[in-house]
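Numbering (UniProt numbering), first residue to last: 1 to 55.
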């Protein structure tokens, strides 16, 4: 009978997937944290700079 050499499958370590997931979540948080903020699109508040000098 022939001798078969069985080699285990090469698998990516679980910790590599965990690091990639954490990095992806950090990038998503960084780029998406200002999506709901519309402050830059509003017109700035107008303040009156004139003063009344008549007493």
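Glycine residues also receive a C-beta, built at the ideal position from the N, C-alpha and C atoms.
Asked: When the Cα atoms are used, what is the spatial distance from residue 25 to residue 10?; Found: 27 Å
Asked: Go ahead and pull the three-state DSSP assignment for residue 25.; Found: helix
Asked: Go ahead and pull the three-state DSSP assignment for residue 32.; Found: helix
Asked: Could you give the distance in angstroms between the alpha-carbon of residue 18 and the alpha-carbon of residue 31?; Found: 20 Å
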